[in-house]
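One structure below.
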Amino acid sequence: MNERIKGLYKTQILAHSKNPFQEGELEGATHVLQAYNSMCGDKYTLYLKIENDRVEDAYFKGYGCAISKASSSILTKKSIGKSMEELDALVRLFLKIVSAKEEVSPEDLTDEEELLAFSAAREFPEREICATMSWKVVQEELLKE
Amino acid sequence: MVHLNVNKVRKDFPMLATATPQGKSLAYLDNAASTQKPRAVLEAIEGLYTGYYSNVGRGSYWPATRASQAFEYARERLAGFIHAASAKEVVFTAGATDGINKVMQSFLRPKLQPGDNVVISEQEHHANLIPWQQACRAVGAELRVVRLLSTGDLDQEHYDSLLDDRTALVALTAVSNTLGVVNPVKEMVTAAHQHGIRVLIDAAQHVGHSPTDVQAWDADFVVFSGHKMYGPTGIGVLYGKAELLRETPPMAFGGGAIRDVGFQETLFADIPHKHEPGTPNLEGAVGLAAAIEYLQGLGMRQIHEHTEHLTQYAVMRIEGQEGASILGNPKLRAPVVSFTVEGAHPHDIAGFLAEEGIAIRAGHHCTQPLMDQLGVPGTARVSFGMYNVKEEIDLLMDVLKEVHAFFA
Ligand SMILES: Cc1ncc(COP(=O)(O)O)c(C=O)c1O
Numbered sequence: 003m004n005e006r007i008k009g010l011y012k013t014q015i016l017a018h019s020k021n022p023f024q025e026g027e028l029e030g031a032t033h034v035l036q037a038y039n040s041m042c043g044d045k046y047t048l049y050l051k052i053e054n055d056r057v058e059d060a061y062f063k064g065y066g067c068a069i070s071k072a073s074s075s076i077l078t079k080k081s082i083g084k085s086m087e088e089l090d091a092l093v094r095l096f097l098k099i100v101s102a103k104e105e106v107s108p109e110d111l112t113d114e115e116e117l118l119a120f121s122a123a124r125e126f127p128e129r130e131i132c133a134t135m136s137w138k139v140v141q142e143e144l145l146k147e
Numbered sequence: 182m183v184h185l186n187v188n189k190v191r192k193d194f195p196m197l198a199t200a201t202p203q204g205k206s207l208a209y210l211d212n213a214a215s216t217q218k219p220r221a222v223l224e225a226i227e228g229l230y231t232g233y234y235s236n237v238g239r240g241s242y243w244p245a246t247r248a249s250q251a252f253e254y255a256r257e258r259l260a261g262f263i264h265a266a267s268a269k270e271v272v273f274t275a276g277a278t279d280g281i282n283k284v285m286q287s288f289l290r291p292k293l294q295p296g297d298n299v300v301i302s303e304q305e306h307h308a309n310l311i312p313w314q315q316a317c318r319a320v321g322a323e324l325r326v327v328r329l330l331s332t333g334d335l336d337q338e339h340y341d342s343l344l345d346d347r348t349a350l351v352a353l354t355a356v357s358n359t360l361g362v363v364n365p366v367k368e369m370v371t372a373a374h375q376h377g378i379r380v381l382i383d384a385a386q387h388v389g390h391s392p393t394d395v396q397a398w399d400a401d402f403v404v405f406s407g408h409k410m411y412g413p414t415g416i417g418v419l420y421g422k423a424e425l426l427r428e429t430p431p432m433a434f435g436g437g438a439i440r441d442v443g444f445q446e447t448l449f450a451d452i453p454h455k456h457e458p459g460t461p462n463l464e465g466a467v468g469l470a471a472a473i474e475y476l477q478g479l480g481m482r483q484i485h486e487h488t489e490h491l492t493q494y495a496v497m498r499i500e501g502q503e504g505a506s507i508l509g510n511p512k513l514r515a516p517v518v519s520f521t522v523e524g525a526h527p528h529d530i531a532g533f534l535a536e537e538g539i540a541i542r543a544g545h546h547c548t549q550p551l552m553d554q555l556g557v558p559g560t561a562r563v564s565f566g567m568y569n570v571k572e573e574i575d576l577l578m579d580v581l582k583e584v585h586a587f588f589a
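As you go down the protein sequences, you meet chains A and B in turn. If you count the first sequence from 1, position 26 lands on 28 in our numbering, and the numbers rise without skipping. If you count the second sequence from 1, position 94 lands on 275 in our numbering, and the numbers rise without skipping.
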């Protein structure tokens with residue numbers, strides 16, 4: 003059948019959605035954020051422990067499609083150990099990789115495969131929100147604080 | 182009985198000839214969300230704007246007289262369609278949601294006391310839940326919720342046990358938009374009436390699919406939306422028994438709904454106009470009347486029979502698909518089937534189907550508390566209309582098979 007849609011679900015995405023990293027609640031989280039997509043009902047809670055301007059630990063819990071789950075998994079995994087400045091740069095990079103409006107090709111933006119796996123979202127603008135819902139809440143509620 | 186000629190019907194719906202940006206023909210299986218419009222509806226609206234448009238109930242010149250006639254004619258068609266005793270019992274609204282809110286504000290709120298209760302069911306759409314919930318919270322009344330049996334049918338014993346002399350209103354859906362359950366409306370209305378309790382029926386999922394008889398139901402209020410019965414968006418109906426519409430204060434205030442106005446007081450018009458202030462949605466009414474004429478021309482029983490066969494076929498096929506499970510197994514099912522596929526989130530299922538031009542709904546279907554009860558965050562839902570065909574279900578199943586293989 004249609005290979006285009008299968009292309010959206012890269013190996014890394016399927017792997018992360020089936021066996022997510024960092025899934026669960028985090029005791030001692032300093033920041034708890036809610037990501038919600040009212041259109042489909044997907045919902046995640048993000049738990050971050052931030053000390054001395056650095057993400058010490060991060061977890062997520064919730065329910066959503068393979069794309070949103072994998073993206074939350076990768077977000078929490080990659081944010082651990084980052085300073086707020088580095089996290090901000092990572093979020094901006096990710097949002098560019100998935101944005102259909104971005105002119106620079108994903109490969110010219112990064113060579114990190116786990117992030118590049120989401121670049122097919124550019125061809126599925128209706129699924130961009132799945133890829134970005136958790137990232138955007140970090141940007142809007144944590145980084146703009 | 183003559184059967185529905187579905188191939189002929191399909192030609193009447195321009196949207197069915199469209200294709201996705203990838204060139205796949207549209208298989209529209211989301212009719213519980215909204216239905217496509219037959220050309221007759223579009224032509225009626227164009228006919229209004231090109232042939233006799235003006236405001237309604239105001240001018241005594243041509244074309245105002247003709248426009249007013251068309252509006253009242255639409256009301257009569259609607260009354261006939263739902264078997265109301267009189268066209269005066271048909272109030273035009275913006276849709277089912279609007280009708281429910283109006284009954285909540287004007288009928289329920291003024292009499293709702295602390296310690297009273299309102300009875301709804303676990304099947305309710307948010308539209309038939311939140312207005313009652315908010316009214317109860319504001320007053321200190323209790324919202325009582327009828328439980329489901331494991332089949333999805335309402336637990337009638339539980340329902341009976343919730344009704345008492347403090348029940349201010351029962352508000353129930355005729356058909357669950359998520360599980361497809363058809364409720365025994367008449368019996369449930371009778372049970373409430375034995376306690377002297379008034380009943381509102383949310384018929385949004387009923388009117389476009391099965392013959393509807395509000396007098397046989399003996400319902401006190403009935404609401405529905407035009408867009409779910411092949412008519413335009415932005416128009417709906419609140420049916421109310423004449424005596425109730427008369428005793429209910431105006432559901433909104435403004436021009437056209439009055440008999441006499443002074444700066445300090447107003448004498449309101451008789452029903453239904455008392456409840457319809459402001460310039461009405463003439464386009465919606467004219468379009469909806471055309472939709473009804475189209476439906477009646479084909480026959481509601483024929484339409485019902487056709488979608489019932491499709492639904493039985495879909496249930497059989499989905500049950501036969503490895504990894505797929507249908508939610509609910511009701512005694513009577515409307516053309517709505519909710520299901521899950523093992524390993525695949527409903528949104529992923531819908532994404533794969535959309536790629537093949539198949540439009541279905543995924544998510545909580547505006548019934549989030551019901552999803553919580555069923556212990557699922559969402560489902561995939563197919564819902565059929567008069568123009569759907571078996572081949573579309575076969576196509577659906579081909580993709581579901583691939584979805585299962587891909588995500589399993
Ligand atoms: C059972 C039920 N009630 C009410 C509504 C609300 O209808 P509308 O959005 O047209 O007001 C819907 C629409 O999905 C429905 O399915």
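Glycine residues also receive a C-beta, built at the ideal position from the N, C-alpha and C atoms.
Neighbour list for residue i in chain B, Cβ cutoff strictly below 7 Å
i        : result
Ile7(A)  : Gly532, Phe533 and Glu536
Asn21(A) : Neighbours of Asn21(A) on chain B: none; closest Cβ ~12 Å, over 7 Å.
Asn4(A)  : Glu536 and Glu537
Between the CA atoms of residue j and residue i - distance to the nearest angstrom
i         : j         : result
Tyr46(A)  : Glu25(A)  : 10 Å
Lys51(A)  : Thr32(A)  : 5 Å
Lys1(A)   : Arg94(A)  : Any property of residue 1(A) remains undetermined from this structure, which presents chain A solely from 3 to 147.
Glu115(A) : Asn282(B) : 51 Å
Tyr420(B) : Asp383(B) : 11 Å
Glu446(B) : Arg440(B) : 11 Å
Arg542(B) : Ala265(B) : 33 Å
Glu338(B) : Ala372(B) : 11 Å
Gly538(B) : Thr201(B) : 6 Å
Ala535(B) : Glu128(A) : 11 Å
Val272(B) : His454(B) : 8 Å
Gly544(B) : Ser357(B) : 15 Å
Leu600(B) : Val237(B) : With chain B covering 182 to 589 only, the question about residue 600(B) has no answer from this structure.
Met285(B) : Ala385(B) : 17 Å
His140(B) : Gly524(B) : The structure shown has nothing for residue 140(B), since chain B only spans 182 to 589.
Val366(B) : Trp398(B) : 6 Å
Ala515(B) : Pro461(B) : 32 Å
Glu224(B) : Pro195(B) : 12 Å
Glu303(B) : Arg325(B) : 10 Å
Gly606(B) : Gly333(B) : Only positions 182 to 589 of chain B appear in the structure, and residue 606(B) is not among them; the question remains open.
Phe126(A) : Glu105(A) : 16 Å
Ser73(A)  : Ala102(A) : 17 Å
Neighbour flag for residue i against chain A, beta carbons, 8 Å
i         : result
Gln549(B) : yes
Phe444(B) : no
Pro202(B) : no
Gly556(B) : no
Gly459(B) : no
Gly412(B) : no
Gly559(B) : yes
Chain-ordered chain A contacts of residue i [CB-CB under 7 Å]
i         : result
Thr529(B) : In the sequence as presented, Thr is not what sits at residue 529(B); that position holds Asp. Here the neighbours are Cys67 and Ala68.
His526(B) : Gly66, Cys67 and Ala68
His545(B) : Gly43
Contacts that residue i makes with chain B (C-beta to C-beta distance below 8 Å)
i         : result
Arg129(A) : Gly532
Chain B within 8 Å of residue i, Cβ atoms only
i        : result
Gly43(A) : yes
Local Cβ density within 10 Å of residue i, reported as buried at 16 or more and exposed below that
i         : result
Val395(B) : buried
Phe444(B) : exposed
His145(B) : Because residue 145(B) is not part of the residues shown, which for chain B are 182 to 589, the question remains open.
Met410(B) : buried
Met552(B) : buried
Val34(A)  : exposed
Lys192(B) : exposed
Ala248(B) : buried
Val442(B) : exposed
Asp113(A) : exposed
Interface partners of residue i on chain A, CB under 8 Å
i         : result
Phe273(B) : Within 8 Å Cβ-Cβ: nothing; Phe273(B) doesn't reach chain A, min ~29 Å.
Gly504(B) : What Gly504(B) touches in chain A: nothing, since even the nearest Cβ is about 15 Å away.
Phe587(B) : Lys8 and Tyr11
Gly436(B) : None at all; the shortest Cβ gap to chain A is about 36 Å.
Residue i Cβ short of 7 Å to ligand 3 heavy atom set
i         : result
Thr488(B) : Looking for ligand 3 in the displayed structure turns up nothing; the ligands present are ligand 1.
| Continuous beta strand (DSSP E) assignments of at least 3 residues falling wholly in the segment 430-483 of chain B | 439-442 and 447-449
| request: Tell me the start and end of each unbroken alpha helix (DSSP H) in the segment 287-372 of chain B that is at least 4 residues and wholly inside, in chain order. | output: 311-320 and 337-343
| query | Where in the segment 191-265 of chain B do unbroken runs of the alpha helix (DSSP H), each at least 4 residues long, occur, reported from the N-terminal end onward? | reply | 220-232 and 245-262
| request: At 4 residues or longer, and completely inside the segment 479-554 of chain B: list those alpha helix (DSSP H) runs for me, N to C. | output: 481-500 and 527-536
| query | What are the complete beta strand (DSSP E) segments, minimum 3 residues, inside the segment 16-43 of chain A? | reply | 33-38
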